[in-house]
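So for the sequence shown, our numbering puts the first residue at 7; every next one is plus one. We put the beta carbon where it would ideally sit given N, CA and C, even for glycine. Nothing here was measured: the structure is a model prediction, and the numbers come from that model. Data first, discussion second: the structure below is written as structure tokens.
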Amino acid sequence: MKFPAFLLGLIALAASAPPLMFAADVEGGPAKSAPKPKLQTAAEYDAEAKLRISNFKMPDDIASSLVVDPAQTQNPSAICFDHQGRLYIAEIHRWRAGVEDIRNEQRLLFDDIAIQTTADRLAMYEKDALNRPLSHYREFEDRIIVTEDTDGDGRADTSSVFADGFNDILDGPGIGLLYADGAIWYTNIPKLWKLTDADGDGKAEKQEIIQDGFGARMSLSGHDMHGLIQGPDGKIYWSIGDRGYSITTKEGRHYHRPMEGGIFRCDPDGSNLEEIYRGLRNPQELAFDQFGNLFTCDNDADAWDTGRLVYILEGGSAGWNHGHQALMNFRDQFGLRTPDYTHPDKKSVPMNPWLTEGLWEPRFDGRPEWALPPIDKVSWGPSGLVFNYGATAMPSRYANHFWVCNFGGSKGDLETFAVEPSGAGFSVTGHEVFMEGLGNTDVEFGPDGRMYLSCFNNNGWTKQDIGNVYALFNADAAQSDLVKSTEALLKSDIEGKPVAELDALLAHADLRVRQRAQFALVEKGAIDLLKAAAKGGDHQLKRLHGIWGLGMAARKDETLLDSVIELLTDADAEVRAQAAKVLADSRLEKSGNALVALLDDESLRVKTFAAIGVGKCGIVTALDKLYEILATNNNADVFLRHGCVQAMWYLNEREKMLKKVDDESPAVRLGILLTLRQLEDPRVKYFLDDPDQAIRYEAIRAINDLNLLTALPDLAAQIEKYTTAADGVEAPENHRDQFIQTRLINANFRVGQPENAARLLAYAAKSDLPALCREQALAAIAEWPQPTVVDPTVGIYRPLDAATRPDITEAVKAGLPEVLKDASGHLLALSIQIGLQYDAELPSELLIGQLTKADADLDVRIAALKALGKRKDPALDGLWDSLLAEKAAALRAATVEVLLTVHPDRGLASALALAESKDLRDLQNGYRLLATVNDPKVVALFSTRLDALLAGKGKSGASLDLLEAAALRQEPAIQEKLAAWQASLDTADPLAAYRVCLDG
């Protein structure tokens, strides 16, 4: 919807009027957390919870109970446990109250799409301070509370603030918590925090910023920073949604992706921060399985796609950027020429890579190869994610399962699933809905083995200043010896135990226990025990923890990697795989040389990690072997191929790779192309003439979508294959082919020379091309002098300088006649409009024929009328009466508009007649057409109608149109009446300025 200028003025007026008036400053009173709800007794809360639990849908052998009630937490978003069993809860009181959603703030659309850094976002807020004062962004604070069950009855009985004051203008929301390294880690845009309670009083005295610069844009609310978890390598991992990031780490690495979400990790001291995955929309929680595989569930695009399970393989991209959302949600607001994608079974959407090319879907033939596919379709509104650690109060059938929350108010649910190896990737098994009926935001297993769920609200998407935490459990499992003994262990000082006990705990049934024992052995320097654990015994998981522990210790003593290298010939493929991962992270030449042998491993998983490792360790001599793997794999396993691509990306041997551009294997050529794309090297253009269409398409996508400027002219020239019907070039058939064509059109538009315009006109004249493609070529010609600031093919901010674009009038005049020869429908309407725009010759007989053709498209008839009117064609003189009597209101209005120019007196009379009409559309058009006509009769009309509006007697249905038109007039009397109407608005009604929109 386009908001009229007058209405925008009313909105601004309402925004500055009481009771919404604030000083445009940053200061003010102390920030507010959620107001305490009406206090009830614990028994009353328990009674409410019992009723709610009775409506849960879950397995018969699962029970539920209330743990934390609304008096103890409000607006909870994330939870975690410390080593004492205390439950920490992140509360988001700034949600939609300081952290806004661009869908509700569309006056800022053009600013937000252009933002590159958090400093830009602050500047946007400052510029907008008259509409929304800066104090608004500091009114509420996010915070962390800590609760504890001190009497062991399963119900929290204490609740206190652990850390608060998170109300900087750019802050929020805080949706990620982790206890690790003796501190609480906290993700709250724009910062990653490490909060330490040094004196044990339950409050964080030390608040350390690990990294700043996340959440560059306002974007969509909820697409924030979250997912904190500690990996088997001891590093801290977290996720961010497509609010994006532009950060520079302590080591000087710069990651600039203001339109994408991604996955990061760093050491517990905050060093060695790195991006490990990108191209995500809104990944929330992360979860490792028992083998150290990392997964997330990424959210759908609010369209007809679904949530997806994503395997986080180093260096991968899922293919999303916020430009896809901009195309889907804001095409019309940005004025983009992007056409509709008409799906055979779904609602039409503006054409975009995510839906049109199927980037969201698991792999299928024809899916773009540059982005890794999801494992499967899992979840519909993912938030929390957890893995069954082993010693939990869940039935045994859920061993090695994951659970993912779907947030959706009272309709929220909890899905469970497991994964099993499939080549170098995975497939989903055991997928089911586990529980329904809770607005859950996070899920975690407590030390007591119960599953804990934070509940944000009762319904909807906004905060309600309430909150709960529930527990789910199987009663028998919760009382088992394993769960009880594990609880005692987790609440004990595992780190203080003798190394012999820690060694035994590496074989414990619970991942949390094993991991803490591993970390403690590393901290104590028990290297011999780690070596022994890695090398021997029949307990696979103990061996893996030994390997991971050696990898951690090797960061200080690289000689320890020799023990890991010895494991590369182990009979257990998983041992080889984890050894390869550890060696890859060392980035040492000796590690890389050792990994070369694994490039022949029978396990595709091992081979993938080995490939990444040889690249990461700089083994250039492995290039030929990587080519061999690519050729043998022949694109069958996308994760193995990615391992080779990531290796070649690390090696960065571009000149060597370019010698394989003509390799006989399409899989090798594709692998090199994907590597060059990842390097953003414009020499991907060498593949534009590849004999394989899929490879050509990947080259086209890379150049256009990444805006590889020096390759754009080469891409633009590809359109000549279709204007000259070159041999071997397939005509575009399906929607994916057509999307590729729009990229060729876009390249010519962006290169922007007269010869590019000539190509587009020649293309539009080709009758054997799809109408959508021909229309897009003409739409580019129409946009040529004033380019939109957003690229219509990818939705990214890419402004062109209109002042430097050459005039293409002569190219249009030369090429348009060929287009007109067989143009019809919308293509013909566009052709006529372009003829008008560029003053090109349009045959009168064509225009008259279309105007008088009753069954011609309405937009064609209107375009023909305007073209004839512009030249004041005498042929119109015999048509005015019939045109004014046409059934279509739009054509009647266009006729009056032309008459006002050609025959002003008759035009005025006709416009006044419209303004007296009982037909609502005519009345609205009459006001619009008279808005700038200088005549006493018109002034009198507006004066009378405004008086009637003030008296509450305005003509029904056209009040907004009257106000809009009157606002364009200069007469003081009219302006005074407008001011009087504005003054009549009820200042106590925040919707007063909008109510006029309900009329008509």
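- Within the same chain, and ignoring the five residues on either side of H262 in sequence, the residues whose Cβ sits closer than 6 Å to its Cβ are S252.
- Taking 8 Å as the cut-off, the Cβ atoms of K943 and V908 do not count as close.
- Taking a C-beta distance under 8 Å as the contact criterion, T362 and F745 qualify as a contact pair.
- Excluding residues up to 5 positions away in sequence, I709 and A753 lie with their Cβ nearer than 6 Å to the Cβ of L721 in the same chain.
- T716 is classed as exposed because its beta carbon has fewer than 16 other beta carbons within 10 Å across all chains shown.
- The alpha carbon of R518 has as its nearest neighbour, out of T156, G237 and A69, the alpha carbon of G237.
- Residues K983, A986, W987 and S990 of the same chain have their beta carbon placed closer than 8 Å to that of L956, with the five preceding and five following residues left out of the count.
- Non-local beta-carbon contacts of D865 in its own chain, meaning distances under 7 Å to residues more than five positions away in sequence, involve H832 and A835 in chain order.
- DSSP places N412 within a strand segment (E or B) once states are collapsed to three.
- If you compare the alpha carbons of D544, S830 and Y844 with that of L852, the shortest gap goes to S830.
- DSSP places N463 outside both helix and strand once states are collapsed to three, so it counts as coil.
- With contacts defined as CB atoms closer than 8 Å, I119 and A332 qualify as a contacting pair.
- Taking 8 Å as the cut-off, the beta carbon of H551 is found closer than this to the beta carbon of Q524.
- With a minimum length of 3 residues, the unbroken runs of beta strand (DSSP E) contained wholly in the region 50-121 fall at 69-74, 82-87 and 93-97.
- For the pair Q792 and A764, the Cα-to-Cα distance works out to about 18 Å.
- Taken atom to atom, the span from the alpha-carbon of A77 to that of Y404 is near 33 Å.
- Note that the region 276-291 touches the region 237-248; at least 3 beta-carbon pairs, one per stretch, sit closer than 8 Å.
- DSSP, read as helix, strand or coil, puts M224 in coil.
- Contact check for R898 against D941 fails: the beta carbons are separated by 8 Å or more.
- By the Cβ test, the region 912-932 is in contact with the region 961-968, since at least three Cβ pairs between them sit closer than 8 Å.
- Straight through space, the alpha carbons of D695 and D687 are spaced by roughly 17 Å.
- When DSSP states are grouped into helix, strand and coil, E686 belongs to the coil group.
- Assigned with DSSP and collapsed to three states, L201 falls in strand.
- Taking each of T79, Y633 and L128 in turn and checking the Cα distance to V152, the smallest one comes out for T79.
- Check the Cα spacing between N762 and each of T47, I725 and T730: the tightest is with I725.
- Distance between L300 and G233, taken at the CA atoms: about 11 Å.
- If you draw a straight line from the Cα of F693 to the Cα of G390, it comes to about 42 Å.
- A Cβ-Cβ separation of about 11 Å leaves S597 out of contact with L604 under the 8 Å criterion.
- Counting only unbroken stretches of 3 or more residues, the beta strand (DSSP E) elements lying wholly within the region 292-378 are 292-294, 300-304 and 314-317, in sequence order.
- Within the region 446-517, the complete beta strand (DSSP E) segments at least 3 residues long are 446-451, 457-461 and 474-479, listed from N- to C-terminus.
- Counted as a single uninterrupted DSSP element, the alpha helix (DSSP H) harbouring W655 occupies residues V644 to L657.
- With fewer than 16 neighbouring CB atoms inside 10 Å of its own CB, R1001 falls in the exposed class.
- According to DSSP, residue pairing for C272 in a beta bridge involves I242.
- Between the C-alpha atoms of I68 and N61 there is a straight-line separation of about 13 Å.
- Here the C-alpha atom of A186 lies approximately 17 Å from the C-alpha atom of D205.
- Just measuring C-alpha positions, the residue of L822, V602 and V449 sitting nearest Y769 is L822.
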